[in-house]
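Under the UniProt record's numbering, the residue at position 216 of the sequence shown is numbered 216, and the numbers go up by one with no gaps. Virtual Cβ for every residue (Gly too), placed ideally from N, Cα, C. Reviewing the structure listed below.
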Amino acid sequence: MIKFLDLQQINKEYTETFHTQLDDLLDSGWVLMGKHLESFETNFAKYCKAKHCIGVANGLEAITIILEAYKIAGQLKEGDEVIVPSNTYIATILGVINAGLKPVFVEPDEDFNLSVSNAKKVITSRTKAIFTVHLYGQASNIPALTKLASENGLLLFDDAAQAHGAKDLKGQVVGGSTHATAFSFYPGKNLGALGDGGAITTNDSEMAEIIKAYRNYGSHQKYHNKYKGVNSRLDELQAAFLNKKLENLDRDNKKRQDVAKLYVEQIKNKYIQLPIVHDIEKHAFHLFILRIKESRRNHFQEYLAKHNIQTVIHYPIPPHHQSALKEFKHLNLPVAEQMHDEVISIPISQVITKDEVNTIIKTINDYR
Numbered sequence: 001m002i003k004f005l006d007l008q009q010i011n012k013e014y015t016e017t018f019h020t021q022l023d024d025l026l027d028s029g030w031v032l033m034g035k036h037l038e039s040f041e042t043n044f045a046k047y048c049k050a051k052h053c054i055g056v057a058n059g060l061e062a063i064t065i066i067l068e069a070y071k072i073a074g075q076l077k078e079g080d081e082v083i084v085p086s087n088t089y090i091a092t093i094l095g096v097i098n099a100g101l102k103p104v105f106v107e108p109d110e111d112f113n114l115s116v117s118n119a120k121k122v123i124t125s126r127t128k129a130i131f132t133v134h135l136y137g138q139a140s141n142i143p144a145l146t147k148l149a150s151e152n153g154l155l156l157f158d159d160a161a162q163a164h165g166a167k168d169l170k171g172q173v174v175g176g177s178t179h180a181t182a183f184s185f186y187p188g189k190n191l192g193a194l195g196d197g198g199a200i201t202t203n204d205s206e207m208a209e210i211i212k213a214y215r216n217y218g219s220h221q222k223y224h225n226k227y228k229g230v231n232s233r234l235d236e237l238q239a240a241f242l243n244k245k246l247e248n249l250d251r252d253n254k255k256r257q258d259v260a261k262l263y264v265e266q267i268k269n270k271y272i273q274l275p276i277v278h279d280i281e282k283h284a285f286h287l288f289i290l291r292i293k294e295s296r297r298n299h300f301q302e303y304l305a306k307h308n309i310q311t312v313i314h315y316p317i318p319p320h321h322q323s324a325l326k327e328f329k330h331l332n333l334p335v336a337e338q339m340h341d342e343v344i345s346i347p348i349s350q351v352i353t354k355d356e357v358n359t360i361i362k363t364i365n366d367y368r
């Protein structure tokens, strides 16, 4: 079986280091807000070319905390509208709603990312921010979105849960170009922990201080609570693990890019639509997404399974059709709906072998 993602193999090279780090943690007795978190925050901020990184419990809370912090600073208020992609994972939408703001769904371009021209059409006096998503590992058009936000007095945030190490059209690593960026370190991510984890990067020192306090019960100083905050902290063990894996992020992304290049060059099947890739060397390839007509997708997935190739559908249901978001079910978003009906993810990772890649390509090309 060619696994969709072999996490055991990915983490195998770190086994000895992880055991050493666990022993160190047990010996120190310091499990939260210590030297490992501080070190990772410093290193990840530097990697993203951002002034600040604040570790939090997960990617969803990173989104919510960003928005809550900007409410505390008076730059957002309850009920403000935030532009979001209509085809994102539900976490982006939940983060906006959990912060007491209103998501405004905007259709994507064919590259799966937020359409700048469509975003421009929905801006009103109630619009206060754009929260773009670098879906599947390809960076959104940050330069164009920055221009749009600036022209309309909007805040620009980005959800980089799937885009660790991805670069925008100007070659800037995501995480240092917007007002604030949300990251997830869920185990299956390009930079994945051994449990949940997340972070926020920003160049705004004032906002960084608010976020640091807000994640820790709203406290700048122990037992002194300035804000009605939350308990959302990246723990020492996960920070230590992530710090080690960060050293190899560019190496691992390059291996993913090499696999993607073979897929793009060699998959040739009239039923299969390859993803639009602007620049392979800038794409993090968290996922490699194919499109196939809805009437064929189940058949295609079953065909690959019979040939021992695991696949996943990211994601079968668009956010506005989820039962949890029934207040948006009336929306007509045909582009997102078609994408969700047609996408299917094939294996890609830094540990997939050349033989496995060749088998996947041949099997897909033989599909009828």
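Is it the case that the Cβ atoms of residue i and residue j are separated by a distance below 7 Å?
i	j	result
Val122	Val133	no
Leu7	Pro275	no
Ala213	Tyr227	yes
Thr203	Ala324	A small correction: the amino acid at residue 203 is Asn; Thr does not occupy that position in the sequence shown. The answer is no: Cβ separation not under 7 Å.
Leu145	Ala129	no
Leu37	Ala239	yes
Phe131	Val56	no
Ile309	Ile2	yes
Leu237	Leu26	no
Ala336	Asn87	yes
Leu32	Arg215	no
Asn269	Asn365	yes
Asp183	Ala160	One point to set straight first is that residue 183 is Phe, not Asp, in the sequence displayed. Cβ atoms of Phe183 and Ala160: closer than 7 Å.
Gln266	Ile361	yes
Kindly indicate which residue of the options has the alpha-carbon position closest to the one of residue i.
i	options	result
Thr15	Lys245, His283, Ile309	Lys245
Asp252	Val351, Ile309, His314, Glu327	Val351
Ile272	His278, Lys261, Ile289, Leu262	Ile289
Glu13	Met33, Ser177, Phe241	Phe241
Lys170	Ser39, Tyr315, Val357, Asp279	Asp279
His179	Phe185, Glu206, Phe157, Ala193	Phe157
Leu5	Asn365, Phe328, Thr311	Thr311
His247	Trp30, Leu22, Phe44	According to the sequence displayed, residue 247 carries Glu and not His. Among Trp30, Leu22, Phe44, the Cα nearest to that of Glu247 is on Phe44.
Ala139	Val277, Ile90, Pro334, Gly218	Val277
Ile54	Asp355, Val357, Thr181	Thr181
Thr201	Thr127, Lys35, Lys120, Thr42	Thr42
Lys120	Asn152, Leu94, Asn141	Asn152
Gln338	Glu294, His307, Phe18, Asn358	Glu294
Arg368	Lys189, His299, Leu148	His299
Pro103	Pro85, Ser117, Asn118, Asp111	Pro85
Ser205	Lys189, Ala149, His52, Ile292	His52
Asn58	Ala91, Lys35, Ser117	Ala91
His307	Tyr315, Thr359, Pro334, Gln322	Thr359
Ile10	Asp23, Lys189, Gly34, Asn225	Lys189
Tyr315	Gly29, Lys35, Gly34, Tyr89	Tyr89
Arg126	Asp80, Pro334, His19	Asp80
For residue i, which residues of its own chain have a beta-carbon under 8 Å away from its beta-carbon, when the five flanking residues on both sides are left out?
i	result
Val173	Tyr47, Cys48, Lys49, Gly165, Ala166, Lys167
Ile348	Arg256, Val259, Ala260, Tyr263, Phe285, Leu287, Phe288
Ile313	Arg297, Gln301, Val343, Ile344, Ser345
Glu78	Lys71, Gly100, Leu101
To the nearest whole angstrom, what separates the beta carbons of residue i and residue j, a pair I think is in contact under 8 Å?
i	j	result
Leu304	Thr363	7 Å
Leu67	Leu60	Between Leu60 and Leu67 the Cβ distance is about 12 Å, and since that is not below 8 Å, they are no contact.
Phe185	Gly197	4 Å
Leu191	Gln162	At roughly 11 Å, the Cβ-Cβ gap does not stay under 8 Å, so Leu191 and Gln162 are not in contact.
Just to confirm my understanding: we take residue i, look at its own chain, exclude 5 residues before and 5 after, and list those with CB closer than 7 Å. What are they?
i	result
Leu331	Phe105, His320
Ile317	His340
His109	Note that residue 109 is Asp in the sequence shown here, rather than His. So the qualifying residues of the chain are Ser115.
Asp250	Gly165
Ala193	Phe185, Pro187, Gln238, Phe241, Leu242
Pro93	The displayed chain sequence assigns Ile, not Pro, to residue 93. If we look at Ile93 and ignore the five residues flanking it on each side, its Cβ neighbours are Val84, Pro103, Pro319, Leu325.
Glu118	The sequence shown places Asn at residue 118, rather than the Glu named in the question. If we look at Asn118 and ignore the five residues flanking it on each side, its Cβ neighbours are Val106, Glu107.
Thr17	Lys244
Asp235	Val31, Leu32
Gly218	Asn225, Lys226, Tyr227, Lys228, Gly229
Gln322	Ile90
Arg291	Gln273, Glu342, Val343
Can you give me the Cβ contacts of residue i inside the same chain, cut-off strictly under 6 Å, excluding the 5 residues immediately before and after it?
i	result
Phe328	His320
Gly95	Leu60, Ile63, Thr64
residue 369	Past the boundaries of the shown model lies residue 369; the chain is included only from 1 to 368, so the question cannot be answered.
Asp111	Ile276
Ile142	Asp168, Ser177
Gly137	Gln162, Ala163, Ala166, His283, Ala284, Phe285, His286
Check whether the Cβ of residue i lies closer than 6 Å to any heavy atom of the ligand FMN, and answer yes or no.
i	result
Lys167	The ligand FMN is not among the ligands present in this structure, which contains no ligands whatsoever.
How about the segment 245–257 and the segment 282–302: do they share at least three Cβ pairs that are nearer than 8 Å?
-> Touching, yes.
Tell me, please, whether the segment 91–108 touches the segment 59–74 by the rule of three or more beta-carbon pairs shorter than 8 Å.
-> yes
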